[in-house]
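J.: Under this note's numbering, think of the first position of the sequence shown as 1, with each following residue one higher.
Below you'll find the structure I mean.
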Amino acid sequence: SGSGINLSKIRGSMEPLSKGGTASGPVSFMRGADSWAGAIKSGGTTRRAAKMVVLDVDHPDIEHFVWCKADEEKKAAALRDAGFDMSIDGDGFTSIQYQNANNSVRVTDAFMAAVEADSDWELTARNGGAVMKTVPARGLLDQIAEAAWRCADPGVQYDTTINRWHTCPESGRINASNPCAEYMHVDDSACNLASINLMKFRRPDGSFDTADFEHAVDIVLLAQEIVVGPSSYPTEQIGRNARAFRQLGLGYANLGAFLMSNGMAYDSDEGRATAAAITALMTGRGYRTSAEIAAAIGPYDEYAKNREAHNGVMRMHRDAAHEIADGQIADVELLAAARRSWDEAVAIGEQHGYRNAQATVLAPTGTISFLMDCDTTGIEPDFALVKYKKLVGGGQMTIVNRSVPLALETLGYSGEAIEQISAYVNDKG
Numbered sequence: 001s002g003s004g005i006n007l008s009k010i011r012g013s014m015e016p017l018s019k020g021g022t023a024s025g026p027v028s029f030m031r032g033a034d035s036w037a038g039a040i041k042s043g044g045t046t047r048r049a050a051k052m053v054v055l056d057v058d059h060p061d062i063e064h065f066v067w068c069k070a071d072e073e074k075k076a077a078a079l080r081d082a083g084f085d086m087s088i089d090g091d092g093f094t095s096i097q098y099q100n101a102n103n104s105v106r107v108t109d110a111f112m113a114a115v116e117a118d119s120d121w122e123l124t125a126r127n128g129g130a131v132m133k134t135v136p137a138r139g140l141l142d143q144i145a146e147a148a149w150r151c152a153d154p155g156v157q158y159d160t161t162i163n164r165w166h167t168c169p170e171s172g173r174i175n176a177s178n179p180c181a182e183y184m185h186v187d188d189s190a191c192n193l194a195s196i197n198l199m200k201f202r203r204p205d206g207s208f209d210t211a212d213f214e215h216a217v218d219i220v221l222l223a224q225e226i227v228v229g230p231s232s233y234p235t236e237q238i239g240r241n242a243r244a245f246r247q248l249g250l251g252y253a254n255l256g257a258f259l260m261s262n263g264m265a266y267d268s269d270e271g272r273a274t275a276a277a278i279t280a281l282m283t284g285r286g287y288r289t290s291a292e293i294a295a296a297i298g299p300y301d302e303y304a305k306n307r308e309a310h311n312g313v314m315r316m317h318r319d320a321a322h323e324i325a326d327g328q329i330a331d332v333e334l335l336a337a338a339r340r341s342w343d344e345a346v347a348i349g350e351q352h353g354y355r356n357a358q359a360t361v362l363a364p365t366g367t368i369s370f371l372m373d374c375d376t377t378g379i380e381p382d383f384a385l386v387k388y389k390k391l392v393g394g395g396q397m398t399i400v401n402r403s404v405p406l407a408l409e410t411l412g413y414s415g416e417a418i419e420q421i422s423a424y425v426n427d428k429g
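Structure, rendered in structure tokens:
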């Protein structure tokens with residue numbers, strides 16, 4: 001949950017004002033918003049503030065934006081070394097700015113082409129479009145990479161690709177995302193999320209139960225569709241758009257555990273193909289269900305305006321599902337089901353339209369995955385076999401990955417070896 005905003009319309013700090021002087025720039029306004037988010041965080045016990053801040057790569061203050069959080073991290077290190085309390089609720093940490101948001105740079109194909117060509121990149125004024133500064137494109141990308149290495153921010157959002165796959169361009173372009181960046185659609189819109197535990201569909205032989213998974217997608221997506229209308233929203237405009245577009249965010253968790261239990265390396269062709277097939281099956285089945293609902297009660301309000309674009313994106317998804325290499329995935333049934341789901345989604349949608357402008361997302365499930373009894377979050381691999389989660393108000397919980405014995409069995413280890421390795425993992429992490 002949370003909100004995201006693109007600050008690229010705010011003039012850069014070197015742009016002149018009509019009454020004299022220069023503008024403050026977007027980063028200065030970020031300080032105020034960060035303080036408000038910190039106040040919300042301090043007042044909440046079960047939910048903390050969540051926000052995304054985005055800036056276009058051609059903004060005059062992009063370099064300042066790239067480094068704002070990394071520079072604050074240097075202060076954090078100095079305060080830590082001086083003995084200040086740098087825990088998340090400590091006095092030292094709360095004095096550091098820009099800690100209550102995720103930052104992302106919005107990059108275009110034109111910028112990436114400039115990086116490939118090792119050419120210069122122009123930073124342009126918001127008012128009038130004059131070139132305020134010229135920088136080496138590769139140098140700017142290097143800055144983004146180094147800052148992310150230092151403090152995990154900023155992220156990168158590929159603006160051209162995002163809008164190429166946008167189902168509703170006639171209603172407005174996509175400018176930003178939610179805090180975790182799984183949801184991207186028109187401004188002032190919302191998306192209710194739901195996630196499915198993939199390990200619940202793993203058969204004893206390691207194959208994926210496509211029939212049960214399809215049934216789960218049908219039920220969960222229908223439930224999400226039902227709650228769009230009666231739900232409450234933060235503003236009237238968000239409520240209007242939520243009901244006009246009816247965006248849904250069905251996703252999954254525990255992919256890392258599913259791959260691990262089947263003896264697949266996360267960074268492998270087989271692992272990627274399996275993830276692609278599962279995701280294609282979920283999304284294709286989701287849009288198929290959305291099209292069936294549209295056949296019964298009509299498509300979303302903005303569909304007629306965006307029919308050509310929406311159907312075009314559906315065909316792009318279908319084509320991508322058929323491009324998954326047959327030889328890279330052992331589960332033939334899974335791949336066939338994924339392709340079939342998209343063939344059906346396109347066929348039904350071409351005739352009846354779709355009830356939802358968006359059907360699926362892949363959220364990180366950072367907290368709900370534990371409630372779902374998952375070993376890994378979202379699409380991510382496990383970053384540690386034994387994890388320690390700090391709790392709000394003090395204390396911690398130990399989380400042990402239970403997929404290790406199953407993975408070792410799949411890889412052919414003996415029962416005795418599995419017991420010894422599992423005991424070592426549980427003890428040493």
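Each residue gets a CB set at the ideal place from its N, CA and C atoms; glycine is no exception.
#1: Can you find the residues in the same chain that come closer than 6 Å, C-beta to C-beta, to ASP109, ignoring five residues on each side of it along the sequence?
#2: Is it a yes or a no for the region 164 to 184 touching the region 331 to 351, going by three-plus beta-carbon pairs under 8 Å?
#3: Three-state secondary structure (DSSP) at ARG173?
#4: Name, in chain order, the residues that DSSP records as bridge partners for ALA120.
#5: Take the Cβ of GLN430 as the centre, count every other Cβ of all protein chains shown within 10 Å, and call the residue buried at 16 or more, exposed below.
#6: If we ignore side chains and look at the alpha-carbon of each, how far apart do LEU17 and ILE10 end up?
#7: Nearest to ALA407 by alpha carbon, out of LEU55, ILE226, ARG246 and LEU385?
#8: Where does GLN351 sit, in a helix, a strand or coil, going by DSSP?
#9: What do you get for PHE245, buried or exposed, if any count of 16 or more other CB atoms within 10 angstroms of its CB means buried?
#10: Check each candidate in TYR252, ASP187 and PHE201 and name the one with the smallest Cα separation from ILE368.
#11: What is the rounded straight-line gap between the Cα of ASN178 and the Cα of GLN247?
#12: Are the beta-carbon atoms belonging to ARG288 and GLU344 less than 9 Å from one another?
#13: Taking Cβ to Cβ, would you say VAL105 is nearer than 9 Å to VAL54?
#14: Is it buried or exposed, ILE379, if we count other Cβ atoms within 10 angstroms and call 16 or more buried?
#15: So within the region 54 to 89, which uninterrupted alpha helix (DSSP H) runs reach at least 4 residues, ignoring any that extend past its ends?
#16: Round the Cβ separation of THR283 and THR235 to the nearest angstrom and send it over; I've been treating them as touching at under 8 Å.
#17: Report back the beta-carbon spacing between TYR300 and ARG355 to the nearest angstrom; my notes put them in contact at under 8 Å.
#18: Identify the residues that DSSP records as bridge partners of ASN178: which are they?
#19: Would you mind stating whether ALA114 and GLY12 have Cβ atoms separated by less than 9 Å?
#20: For PHE213, count neighbouring C-beta atoms within 10 Å of its own C-beta (all shown protein chains included) and say buried if the count is 16 or more, exposed if not.
#21: Expressed to the nearest angstrom, what Euclidean distance is found between the alpha-carbon atoms of PRO364 and VAL227?
#22: Thinking just about the alpha-carbon of each residue, which of ASP81, GLY20, GLY32 and ASP153 is nearest to the one in TRP67?
#23: Touching or not, the region 57 to 72 and the region 126 to 135, by the rule of three or more beta carbon pairs under 8 Å?
#24: Quick one: what does DSSP say MET14 is sitting in, helix, strand or coil?
#25: Are the beta-carbon atoms of MET264 and SER403 separated by less than 9 Å?
#26: Could you name the residues that DSSP lists as bridge partners for MET184?
#27: At which residues does the beta strand (DSSP E) containing ASN103 begin and terminate?
#28: Apply the 10 Å Cβ neighbour rule to TRP342 and answer buried if 16 or more other Cβ atoms are within range, or exposed otherwise.
#29: By Cβ distance, which residues of its chain are closer than 6 Å to ARG138, with the 5 residues on each side in sequence left out?
#30: Can you list the beta strand (DSSP E) stretches of 3 or more residues lying completely in the region 220 to 282, in chain order?
#31: If you draw a straight line from the alpha carbon of GLY366 to that of ALA49, how long is it in whole angstroms?
#32: How about MET184 and ALA176: do their beta carbons lie closer than 9 Å?
#33: Can you tell me the Cβ-Cβ gap for ALA277 and ILE219, rounded? I've got them flagged as a contact below 8 Å.
#34: Tell me the residue span of the alpha helix (DSSP H) that contains GLN420.
#35: Do you know how far the Cα of ARG340 is from the Cα of MET316?
T.: The answer reads as follows:
#1: The residues are THR160.
#2: The region 164 to 184 makes no contact with the region 331 to 351: fewer than 3 CB pairs, one atom from each, lie closer than 8 Å.
#3: Three-state result, ARG173: coil.
#4: It is worth fixing the name first, because residue 120 is Asp in this sequence and not Ala. According to DSSP, ASP120 bridges with PRO136.
#5: This structure leaves residue 430 out entirely; the chain is present only between 1 and 429.
#6: Their backbone Cα atoms lie some 12 Å apart in a straight line.
#7: Closest by alpha carbon: LEU385.
#8: Of the three classes helix, strand and coil, the one that applies to GLN351 here is helix, per DSSP.
#9: Taking all protein chains in view, the Cβ of PHE245 is crowded by 16 or more other Cβ atoms within 10 Å, so the residue is classified as buried.
#10: Ranking TYR252, ASP187 and PHE201 by Cα distance to ILE368 puts TYR252 first.
#11: Taking the straight line from one Cα to the other gives about 13 Å.
#12: Yes, they are a contact pair.
#13: Yes, the pair counts as a contact, with Cβ atoms nearer than the cut-off.
#14: Buried: at least 16 other Cβ atoms inside 10 Å.
#15: Scanning the region 54 to 89 from its first residue to its last, the whole alpha helix (DSSP H) runs of 4-plus residues come out as 62 to 81.
#16: No, THR283 and THR235 are not in contact; Cβ-Cβ is about 29 Å, not under 8 Å.
#17: Contact holds; Cβ gap of about 6 Å.
#18: In the DSSP assignment, no residue is bridged to ASN178.
#19: Taking 9 Å as the Cβ cut-off, ALA114 and GLY12 do not qualify as a contacting pair.
#20: Buried: at least 16 other Cβ atoms inside 10 Å.
#21: About 22 Å.
#22: Among ASP81, GLY20, GLY32 and ASP153, the Cα nearest to that of TRP67 belongs to ASP153.
#23: By the C-beta criterion, the region 57 to 72 is judged to be in contact with the region 126 to 135, since at least 3 inter-stretch pairs fall below 8 Å.
#24: Reduced to three states, the DSSP call for MET14 is coil.
#25: The answer is no: Cβ separation not under 9 Å.
#26: Answer is none; MET184 lacks a bridge partner.
#27: Taken as a continuous stretch (DSSP letters only), the beta strand (DSSP E) holding ASN103 covers 102 to 107.
#28: Label assigned to TRP342: buried.
#29: Excluding sequence positions up to five before and after ARG138, its CB lies within less than 6 Å of the CB of VAL115 and ASP118, all in the same chain and listed in chain order.
#30: Listed in chain order, they are 248 to 253.
#31: Between GLY366 and ALA49, the C-alpha separation is close to 15 Å.
#32: A contact, by the Cβ cut-off of 9 Å.
#33: ALA277 to ILE219, Cβ: 21 Å. No contact.
#34: 415 to 428 is the span of the alpha helix (DSSP H), which, as asked, contains GLN420.
#35: Taking the straight line from one Cα to the other gives about 14 Å.
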